[in-house]
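Numbers given in our numbering equal positions in the sequence shown, counted from 1, plus 14. Presented below is the structure to which this report refers.
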Amino acid sequence: MFDIAFSELLVIGVVALIVIGPEKLPKVARTLGLLAGRLQRYVANVKSDIDRELQFQDLQKLQQEIKQGADRLQADIHQFQSRANEQLKEVEKSMIPPPESSPEAVTPPVQPDTHKPQ
Numbered sequence: 015m016f017d018i019a020f021s022e023l024l025v026i027g028v029v030a031l032i033v034i035g036p037e038k039l040p041k042v043a044r045t046l047g048l049l050a051g052r053l054q055r056y057v058a059n060v061k062s063d064i065d066r067e068l069q070f071q072d073l074q075k076l077q078q079e080i081k082q083g084a085d086r087l088q089a090d091i092h093q094f095q096s097r098a099n100e101q102l103k104e105v106e107k108s109m110i111p112p113p114e115s116s117p118e119a120v121t122p123p124v125q126p127d128t129h130k131p132q
């Protein structure tokens with residue numbers, strides 16, 4: 015974490031011994047050790063949170079790409095379906111022949127009266 019050589023640690027220890035005193039030095043060292051441990055755990059938690067957030071963003075990006083692909087596929091399917099329906103209508107039109115003549119009101123021929131009056 016910090017680039018501290020052994021000689022620098024020795025100087026820090028001697029200064030701490032002089033300033034703090036031999037009675038309080040073990041308690042202060044223990045407290046500093048606990049604080050350093052907390053700091054390391056905090057840094058580790060922050061790193062893991064950042065990693066999780068990055069993975070979450072990657073998953074969101076992947077989800078968005080998959081959704082866009084599905085939307086494109088759905089649009090292609092709708093386009094294919096409309097083309098197929100158009101071709102089906104054309105085939106149906108070609109199979110049904112147009113009527114030869116329009117139906118007109120046909121009146122039955124008038125039959126001569128075959129009864130003779132008496």
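C-beta: ideal position from N, C-alpha, C; glycine also.
Distance between residue 63 and residue 90 (C-alpha atoms, nearest Å):
40 Å
Do you know how far the Cα of residue 94 is from the Cα of residue 88?
10 Å
Measure the C-alpha to C-alpha separation of residue 26 and residue 40 and round it to an integer number of angstroms.
14 Å
Only counting the same chain, and skipping five residues up and downstream in sequence, which positions put a Cβ closer than 8 Å to that of residue 42?
30, 34
Can you check the region 60-91 for any beta strand (DSSP E) of at least 3 residues that lies completely inside it and give the ranges in chain order?
none
Could you give the residue range of the alpha helix (DSSP H) that holds residue 34?
20-34
Determine the direct distance from the alpha carbon of residue 76 to that of residue 69, and round the result to whole angstroms.
10 Å
If we ignore side chains and look at the alpha-carbon of each, how far apart do residue 109 and residue 86 end up?
35 Å
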